Structures are given as C-alpha cells and as structure tokens.
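S.K.:
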Amino acid sequence: LRPLCGGDSLSGSVLRNVALSLLTGGIILVDQLTKLHIMQTMRLHESIPIVPNLFSLTYIRNPGAAFGLLAGSSNAFRMVFFGLTSIFALVLLGTILYRMPEREWMGRLSVSAILGGAIGNLIDRLRFGEVIDFLDVYIGSYHWPAFNVADSAITVGVIFLVIHFMFEKPDAPPVVPEQPTTHTPAP
Numbered sequence: 082l083r084p085l086c087g088g089d090s091l092s093g094s095v096l097r098n099v100a101l102s103l104l105t106g107g108i109i110l111v112d113q114l115t116k117l118h119i120m121q122t123m124r125l126h127e128s129i130p131i132v133p134n135l136f137s138l139t140y141i142r143n144p145g146a147a148f149g150l151l152a153g154s155s156n157a158f159r160m161v162f163f164g165l166t167s168i169f170a171l172v173l174l175g176t177i178l179y180r181m182p183e184r185e186w187m188g189r190l191s192v193s194a195i196l197g198g199a200i201g202n203l204i205d206r207l208r209f210g211e212v213i214d215f216l217d218v219y220i221g222s223y224h225w226p227a228f229n230v231a232d233s234a235i236t237v238g239v240i241f242l243v244i245h246f247m248f249e250k251p252d253a254p255p256v257v258p259e260q261p262t263t264h265t266p267a268p
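Once you know that position 161 of the sequence shown is 242 in this note's numbering, the rest is easy, because the numbers rise by one and skip nothing.
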C-alpha cells in the first residue's frame, strides 16, 4: 500500500496510475451498465419508488446540462455547445491530473472520479444526444433534479477536490542556513 499512497519508486508510480485508471474506468463502466439496465427494464418516465417519499428510480432523458439547463435549446446548438465544453473539460481535467504531484493522492483520486463521470455523460451525449438520468431524490412533491452514477462521481470528486485544496499544505520554502558574519574591527 505504501507505493499507492505516496512511495517514490517507479513501480509505485505505475501502480498509482493503474489505480487511477481503474477508478476512472470503473466509474464509466458502472455508469454505462446502470443506464443500459434502466433503458432495458423501464419505460421512459416510469418511476419505481424505492424509499417512499424520498427516493425512486425514474427513467428520464435530459437533453440539457446539469439540472436541465439549455434543455429548450436547439439540437444543433446543444451538440456544438456540449461537444466543445466536453472537449475543453476533458483536456482541462487531463492537464490537472498530469500536473498534479503524485503525492497529492486525494486530489488525483478526485480528478479521476470527475474524469470518469465526465466521460460517462459524454458517451450518452455522443450516442443519444442527451444524458440518461434515473436517480430521483425527493421529499413529498419537492424533487431534486434526477441524476446518474456519472453525476454522482462528478459531485463527490468535486467535493473531495475542494476539501483537498482547502487543507492542502503548501510546500515549505527551502531553509537557507544563515552564514556566520565575521566582524572585522574597523581601523
């Protein structure tokens, strides 16, 4: 475990990158499999209560962004907008992950989770032109917008990334030993 949590060996570095790749790939896989299951077993807009007045599985297709933003825009606009923002987000996340020091394990895990979620939703947009949502949390008639595994990974990843940055200890500047001063008497 030491190489995974911050060891310096090359094999430890490889193990950490494999673990990050498995996290990202696992999120994508679970996200896509759960969406496939919902599409195959439920009708659009069907809702199955799991915990009455709190949580249901509800099959929804979201053509917009988070919380249904831009859902009323034209298909062409949404495809261009989401295509460009997705490419930008993936490049940004990849750059952050690449540049983040290996010792910042929580930060790297967080970015990997966000990356997995972003790719999961991008796959939906490329396949269907919209995102499959099915997790429906509500109290009585007040519903939180439906979401999916990818959205959950993004949210948890962002929360942990913010916590990581809030409590990150900056590298201390190197301590330079003071040079002894020699006093030469004035003539």
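No residue lacks a Cβ here, since even glycine has one placed at the ideal position from N, Cα and C. The structure displayed is predicted, hence computed values, not measured ones.
#1: Output yes or no for whether 9 angstroms exceeds the beta carbon distance between E211 and P133.
#2: Candidates E127, S137, G93, I129: which alpha carbon is nearest I220's?
#3: What do you get for N192, buried or exposed, if any count of 16 or more other CB atoms within 10 angstroms of its CB means buried?
#4: Using CA atoms only, rank isn't needed, just tell me which of S154, S94, I200, E185 is closest to Q113.
#5: Can you tell which of S233, D214, V230 has the C-alpha that lies nearest to the C-alpha of I141?
#6: R184: which of K116, H245, V111, L117 sits nearest, CA to CA?
#7: Output the boundary residues of the alpha helix (DSSP H) element that contains F163.
#8: Mind checking I95: buried by the 16 CB within 10 Å criterion, or exposed?
#9: Measure the C-alpha to C-alpha separation of T176 and S222 and round it to an integer number of angstroms.
#10: In the DSSP output, which residue or residues are listed as bridge partners for P130?
#11: Which first and last residues belong to the beta strand (DSSP E) in which L125 is found?
M.R.: In this structure, then:
#1: Residue numbering aside, residue 211 sits at position 130 when the sequence shown is read from its first letter. Residue numbering aside, residue 133 sits at position 52 when the sequence shown is read from its first letter. No, these two residues do not count as a Cβ contact at 9 angstroms.
#2: Locating residue 220 in the sequence shown gives position 139, where the first residue counts as 1. The option with the nearest alpha carbon to I220 is S137.
#3: The count along the sequence shown starts at 1 and reaches residue 192 at position 111. The sequence shown places Val at residue 192, not Asn. The residue is buried, with at least 16 neighbouring Cβ atoms inside 10 Å.
#4: If you number the sequence shown from 1, residue 113 lands on position 32. When each option's Cα is compared against that of Q113, the closest is I200.
#5: The residue given as residue 141 occupies position 60 in the sequence shown. It is D214.
#6: Working through the sequence shown from its first residue, we reach residue 184 at position 103. It is H245 whose Cα lies nearest to the Cα of R184.
#7: Counting from 1 along the sequence shown, the entry for residue 163 is found at position 82. Here the alpha helix (DSSP H) through F163 covers 156–180.
#8: Here residue 95 refers to the residue found at position 14 of the sequence shown. The residue you asked about is not Ile; residue 95 is Val in the sequence shown. So V95 ends up on the exposed side.
#9: If you number the sequence shown from 1, residue 176 lands on position 95. If you number the sequence shown from 1, residue 222 lands on position 141. Distance between the alpha carbons of T176 and S222 is about 42 angstroms.
#10: Reading the sequence shown from its first residue, position 49 is the one you call residue 130. The partner list for P130 (beta bridge, DSSP) reads S137.
#11: Taking the first residue of the sequence shown as position 1, residue 125 is located at position 44. Run containing L125: none; DSSP gives neither H nor E here.
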